[in-house]
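Participant: Note that the numbering used here has the sequence shown beginning at 6, numbered continuously upward.
Each residue gets a CB set at the ideal place from its N, CA and C atoms; glycine is no exception.
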Amino acid sequence: MSTSTQGGPALPQERRVVTEIPGPKSREMFARKQSAVPQGIGTTLPVFVTRAGGGVLVDADGNSLIDFGSGIAVTSVGNAAPRVVERVRRQVGEFTHTCFMVTPYESYVEVCERLNQITPGDHTKRTFLVSTGAEAVENAVKVARLATGRQGVVVFDHGYHGRTLLTMSLTAKNMPYKQGFGPFAPEVYRAPLAYPFRWPTGRENCAEEAAAQAIELIDKQVGAGNVAAVVIEPIAGEGGFVEPARGFLPRILEYCRANGIVFVADEVQTGFARTGDLFACEDEGIVPDIICTAKGIAGGLPLAAVTGRAELLDKVHAGGLGGTYAGNPLACEAALAVLETIEEDGLVERARHIGSVMLPRLRRLAEQFGFIGDVRGRGAMIAIELVRPGTKEPDPAVTAEIAKRCHAAGLLVLTAGTSGNVLRFLPPLVMPDHLLEEGLTILEKAISEV
Ligand code: PLZ
Numbered sequence: 006m007s008t009s010t011q012g013g014p015a016l017p018q019e020r021r022v023v024t025e026i027p028g029p030k031s032r033e034m035f036a037r038k039q040s041a042v043p044q045g046i047g048t049t050l051p052v053f054v055t056r057a058g059g060g061v062l063v064d065a066d067g068n069s070l071i072d073f074g075s076g077i078a079v080t081s082v083g084n085a086a087p088r089v090v091e092r093v094r095r096q097v098g099e100f101t102h103t104c105f106m107v108t109p110y111e112s113y114v115e116v117c118e119r120l121n122q123i124t125p126g127d128h129t130k131r132t133f134l135v136s137t138g139a140e141a142v143e144n145a146v147k148v149a150r151l152a153t154g155r156q157g158v159v160v161f162d163h164g165y166h167g168r169t170l171l172t173m174s175l176t177a178k179n180m181p182y183k184q185g186f187g188p189f190a191p192e193v194y195r196a197p198l199a200y201p202f203r204w205p206t207g208r209e210n211c212a213e214e215a216a217a218q219a220i221e222l223i224d225k226q227v228g229a230g231n232v233a234a235v236v237i238e239p240i241a242g243e244g245g246f247v248e249p250a251r252g253f254l255p256r257i258l259e260y261c262r263a264n265g266i267v268f269v270a271d272e273v274q275t276g277f278a279r280t281g282d283l284f285a286c287e288d289e290g291i292v293p294d295i296i297c298t299a300k301g302i303a304g305g306l307p308l309a310a311v312t313g314r315a316e317l318l319d320k321v322h323a324g325g326l327g328g329t330y331a332g333n334p335l336a337c338e339a340a341l342a343v344l345e346t347i348e349e350d351g352l353v354e355r356a357r358h359i360g361s362v363m364l365p366r367l368r369r370l371a372e373q374f375g376f377i378g379d380v381r382g383r384g385a386m387i388a389i390e391l392v393r394p395g396t397k398e399p400d401p402a403v404t405a406e407i408a409k410r411c412h413a414a415g416l417l418v419l420t421a422g423t424s425g426n427v428l429r430f431l432p433p434l435v436m437p438d439h440l441l442e443e444g445l446t447i448l449e450k451a452i453s454e455v
């Protein structure tokens, strides 16, 4: 039996279901949650976690669940990953906060230096740090607006960029993210996304037609000269792991370059080896003007970054950017540990390996079951889209039912998609193969039973 020493004594890398899921202790805590926390804060699976590491989550009742979620693509290096634990432990005893804008510290600068090196493009870059993905995207737009003197922001169908006023406005899906929370920020325009599975005239026309429609929308409805930034996820995450048809991103980038529009890649979910490249933009050689990162950057500590062309970021006046906790020293230490882990443990390769295990098994399932409409994704960012057999009509009910069965069997899976009909898989990149295979077996069983 392989073990993980993450966070202390060895944590067995096994699935172990010893109670109903959720068990009695989790149910008791969930009842407390229901009376202390508003229902606006949802719960995918109401088991209360006490430890986690490698590929498992251990709950208060002693169940050990296989983790196909990584806390929504965050713990790519594993939970309580050894190098993260070591560096954060050391740092927490030295100092916990000074505010980088008041008195700086080296680890912040080192994280920025590293991001300037490893993000796509060999132009001169600058990076600044914030705490959340939404903050990173919002700051990218601030920079683009100031640098261009323009206001418009173009985003895409199925996009997700956060829950703050601006990023909620950039997000496509109404329920639950926007419903009742308006009015939304102005000067946000939404273009079609090249969604191969759902493109009306077929996959083969998708990239070209979608790009033409997006460009026409910008030209005719907004005016290219009014657009500060195009903001896009290289693979739409919450929107259902939609990989834009190949050729779409390069075409949009080319249009941005020709029109002085800042191309912002939101790699909050796709970044840091998740897709089998260090950044998903690399797959088609996209060099964004600004790249936003978060989630996988710091193994679970809250950190996010905005990295971009020096000439853009340097336009902002002194004091124009920042935040009390932005680039917290514990989170910076964690980020340095994550970068070391990705490199030393070959996690880019590991992500590709995970994809190469998952995709063929899922494709075989899709041949067997008509309600699996599409299998897609790259690396360890893989999804299936569920539809009514023989149609493309989304089936969120069957999606929820499969997730429920997986959960009951001790496999955490997440749903996604504008219609809630996508099951997405985001295992930690350090998940041992036997757990990956076992997780897929549970999934297969759940699918064959619904
Ligand atoms: N951009 C591409 O995926 C966060 C949302 C969880 P924050 N996705 C998880 C939820 O329901 O709130 C996300 C993302 C992309 C931006 C964000 C926002 O990142 O760290 O949640 O602010």
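Return the chain-ordered list of same chain residues with a C-beta closer than 8 Å to the C-beta of V52, the five sequence neighbours on each side being excluded.
Facilitator: Here the question's residue 52 lines up with position 47 in the sequence shown. Result list for V52: I26, P27, G28, S31, L62, D64, A65, D66, N68 and L70, in chain order.
Participant: Classify G244: buried if its beta carbon has 16 or more other beta carbons within 10 angstroms, exposed otherwise.
Facilitator: Numbered from its first residue, the sequence shown carries residue 244 at position 239. Buried, by the Cβ-count rule.
Participant: Just curious, the alpha helix (DSSP H) that D438 is in, first and last residue?
Facilitator: For this step, residue 438 is matched to residue 433 along the sequence shown. Here the alpha helix (DSSP H) through D438 covers D438 to E454.
Participant: Suppose you measure from the CA of K225 to the CA of P205; what does that come to, to the nearest Å?
Facilitator: Locating residue 225 in the sequence shown gives position 220, where the first residue counts as 1. Locating residue 205 in the sequence shown gives position 200, where the first residue counts as 1. Those two C-alpha atoms are separated by around 22 Å.
Participant: Within 8 Å: the Cβ of D271 and any heavy atom of ligand 1?
Facilitator: Numbered from its first residue, the sequence shown carries residue 271 at position 266. D271 Cβ: within cutoff of ligand 1.
Participant: With a CB to CB cut of under 6 Å and the five nearest residues on each side skipped, what residues in its chain are close to N84?
Facilitator: Residue numbering aside, residue 84 sits at position 79 when the sequence shown is read from its first letter. Closer than 6 Å at Cβ, skipping near neighbours: A57 and G58.
Participant: Using the Cα positions of A388 and V269, report the straight-line distance between them to the nearest angstrom.
Facilitator: Your numbering for residue 388 matches position 383 in the sequence shown. Your numbering for residue 269 matches position 264 in the sequence shown. Going from the Cα of A388 to the Cα of V269 covers about 24 Å.
Participant: To which residues does DSSP link P399 through a beta bridge?
Facilitator: Working through the sequence shown from its first residue, we reach residue 399 at position 394. DSSP, once it has assigned bridges, lists V392 as partnering P399.
Participant: Three-state secondary structure (DSSP) at R88?
Facilitator: Here residue 88 refers to the residue found at position 83 of the sequence shown. Helix at R88.
Participant: One question on the structure: do L175 and V193 come within less than 9 Å of each other, judged by their Cβ atoms?
Facilitator: One-based indexing of the sequence shown puts residue 175 at position 170. One-based indexing of the sequence shown puts residue 193 at position 188. Taking 9 Å as the cut-off, the beta carbon of L175 is found closer than this to the beta carbon of V193.
Participant: In chain order, what residues of the same chain have a beta carbon less than 7 Å from the beta carbon of T129, not counting five sequence neighbours either side?
Facilitator: Against the sequence shown, residue 129 aligns to sequence position 124. Same-chain partners within the cutoff: A315.
Participant: Based on the DSSP output, what are the partners of A196 in its beta bridges?
Facilitator: Position 191 of the sequence shown, counting from 1, holds the residue named residue 196. Answer is F161.
Participant: Consider the C-beta atom of G305 and the heavy atoms of ligand 1; say whether any pair is separated by less than 8 Å.
Facilitator: As a working note, residue 305 is residue 300 in the sequence shown. Within 8 Å of the C-beta of G305 there is not a single heavy atom belonging to ligand 1.
Participant: Give the range of the beta strand (DSSP E) segment to which A217 is assigned.
Facilitator: Locating residue 217 in the sequence shown gives position 212, counting from the first residue. Not the beta strand (DSSP E): A217 falls in the alpha helix (DSSP H), residues R208 to L222.
Participant: Sort F253, G47 and V142 by Cα distance to A199 and report the nearest one.
Facilitator: Position 194 of the sequence shown, counted from the first residue, corresponds to residue 199. It is F253.
Participant: Near R256, what residues of its chain come up, given a Cβ to Cβ distance below 6 Å and the 5 sequence neighbours on each side ignored?
Facilitator: Within the sequence shown, numbered from 1, the residue matching residue 256 stands at position 251. Here the set comprises A216.
Participant: Which same chain residues end up closer than 7 Å to R168 when comparing Cβ atoms and leaving out the 5 residues on each side of it in sequence?
Facilitator: Against the sequence shown, residue 168 aligns to sequence position 163. Excluding residues within five positions, the ones whose Cβ falls inside 7 Å are A139 and Y182.
Participant: Determine, for L434, whether the minimum Cβ-Cβ distance to residues of chain D falls below 9 Å.
Facilitator: The displayed structure is made up of one protein chain only, and chain D is not part of it.
Participant: Which of helix, strand or coil does DSSP assign to C297?
Facilitator: Position 292 of the sequence shown holds residue 297. Note: C297 maps to strand in three-state DSSP.
Participant: Within a Cβ cutoff of 7 Å, which residues of the same chain sit near R150, ignoring the five residues on either side of it in sequence?
Facilitator: Within the sequence shown, the letter at position 145 stands for residue 150. Excluding sequence neighbours, R150 sits near Q156 and A233.
Participant: Can you look up A15 in the DSSP assignment and give me helix, strand or coil?
Facilitator: For the purposes of this step, residue 15 is taken as the residue at position 10 of the sequence shown. Residue state, collapsed to three classes: coil.
Participant: Pull the bridge partners of E105 from the DSSP assignment, please.
Facilitator: Working through the sequence shown from its first residue, we reach residue 105 at position 100. It is Phe, not Glu, that sits at residue 105 in the sequence shown. Beta-bridge pairing links F105 to no other residue.
Participant: Sort L283, D400, G290 and C411 by Cα distance to V353 and report the nearest one.
Facilitator: Within the sequence shown, residue 353 is the residue found at index 348, counting from 1. For the residues L283, D400, G290 and C411, the minimum Cα distance to V353 belongs to L283.
Participant: Would you identify the three-state DSSP class for I387, choosing helix, strand or coil?
Facilitator: As a working mapping, residue 387 is identified with position 382 in the sequence shown. In the structure shown, I387 sits in a strand (DSSP, three-state: E or B).
Participant: Could you pull the start and end residues of the beta strand (DSSP E) that R429 belongs to?
Facilitator: In the sequence shown, the residue the question calls residue 429 occupies position 424. Here the beta strand (DSSP E) through R429 covers V427 to F430.
Participant: Roughly how many angstroms lie between the CA atoms of V142 and V23, to the nearest whole one?
Facilitator: Here residue 142 is taken as the residue at index 137 of the sequence shown, counted from 1. Here residue 23 is taken as the residue at index 18 of the sequence shown, counted from 1. V142 and V23 have their C-alpha atoms some 42 Å from each other.
Participant: Should E372 go down as buried or exposed, given a rule of 16 or more other Cβ atoms within 10 Å for buried?
Facilitator: Counting from 1 along the sequence shown, the entry for residue 372 is found at position 367. Result: exposed.
Participant: Classify E390 as buried or exposed, calling it buried when 16 or more other Cβ atoms lie within 10 Å of its own Cβ.
Facilitator: One-based indexing of the sequence shown puts residue 390 at position 385. Buried, since its Cβ has 16 or more Cβ neighbours within 10 Å.
Participant: Sort F246, V403, M363 and G230 by Cα distance to S457 and report the nearest one.
Facilitator: This structure does not reach residue 457, given that the chain is present from 6 up to 455, and the question cannot be answered.
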